[in-house]
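Participant: Can you read through this structure? Questions will come right after.
Residue numbers (this note's numbering): 8 to 169.
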């Protein structure tokens with residue numbers, strides 16, 4: 008059976024818990040206790056969100072998060088934010104190279120963090136010119152949503168390494 012597409016007002020989505028939602032389709036079909044996940048977690052943050060049941064089987068797809076009714080969009084966004092808990096870098100205090108690794112000291116939306124990057128060519132990705140993703144040696148992720156919004160000093164520090 009093909010998974011139904013959810014878009015616009017053809018469904019009402021409510022949050023069940025931290026990472027799960029319930030869906031009521033306009034035709035009366037209920038899809039309960041499903042987990043939203045991004046099909047394209049790096050390049051498609053707001054499009055093609057799959058809804059998985061407890062067996063991780065796809066039961067529906069949200070084509071575009073921004074097309075949903077506000078309440079439904081908020082419910083899905085909150086679950087995705089919880090599942091993809093990636094600290095957002097707001098300021099770069101220091102980046103230095105030590106023994107081929109990069110030691111990074113930053114301020115994120117979750118507080119100050121220090122992390123180490125093993126290979127800047129593999130572990131730092133620039134997406135669409137202004138978004139930057141980092142992966143540290145413990146496989147944690149960090150993100151700069153928009154380099155242009157960083158302060159001048161942070162941009163200079165980052166620019167030396169990307």
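Don't be surprised by glycine CBs; every beta carbon is placed ideally from N, CA and C.
Out of 100, 137, 121 and 146, which one is the CA nearest neighbour of residue 129?
Facilitator: Of the candidates 100, 137, 121 and 146, the one whose C-alpha sits nearest the C-alpha of residue 129 is 146.
Participant: With a floor of 3 residues, list each beta strand (DSSP E) that falls wholly inside the stretch 18 to 81, ordered by position along the chain.
Facilitator: Counting only runs of 3 or more, we get 18 to 22, 28 to 32, 37 to 45, 54 to 59 and 65 to 71.
Participant: Taking the alpha helix (DSSP H) that residue 2 belongs to, which residues open and close that run?
Facilitator: The structure shown does not extend to residue 2, since the chain is modelled only from 8 through 169, so no value can be given for it.
Participant: Mapping the DSSP letters down to three states, classify residue 101 as helix, strand or coil.
Facilitator: The answer is strand: DSSP assigns residue 101 an E or B state.
Participant: Rounded to whole angstroms, what's the CA-CA distance from residue 80 to residue 149? Just pull it up for me.
Facilitator: Taking the straight line from one Cα to the other gives about 24 angstroms.
Participant: Just confirm the distance between the C-beta atoms of residue 168 and residue 138, as a whole number of angstroms; I'd bet it's less than 8 angstroms.
Facilitator: Not a contact, Cβ separation roughly 16 angstroms.
Participant: Please determine, among 63, 55 and 21, the residue with the shortest C-alpha to C-alpha distance to residue 14.
Facilitator: Of the listed residues, the one whose Cα sits closest to residue 14 is 55.
Participant: Answer yes if the stretch 104 to 123 comes into contact with the stretch 35 to 47, meaning at least three C-beta pairs across the two stretches below 8 angstroms, and no otherwise.
Facilitator: Cβ pair count under 8 angstroms is below three, so no.
Participant: Measuring only the C-alpha atoms, how far is residue 96 from residue 86?
Facilitator: Distance between the alpha carbons of residue 96 and residue 86: 21 angstroms.
Participant: Smallest Cα separation from residue 152: which of 61, 49 and 112?
Facilitator: Closest option to residue 152, Cα to Cα, is 49.
Participant: Would you mind sorting residue 27 into buried or exposed? The rule is 16 or more other CB atoms within 10 Å of its CB.
Facilitator: Classification of residue 27: buried, given that the 10 Å Cβ count is 16 or more.
Participant: Need the endpoints of the alpha helix (DSSP H) that residue 129 sits in, please.
Facilitator: Unbroken alpha helix (DSSP H) run through residue 129: 127 to 130.
Participant: Alpha carbon to alpha carbon, what distance is there between residue 52 and residue 32?
Facilitator: Whole-angstrom Cα-Cα distance: 23 angstroms.
Participant: Looking only at C-alpha atoms, which of 101, 109, 144 and 72 sits nearest to residue 162?
Facilitator: The option with the nearest alpha carbon to residue 162 is 101.
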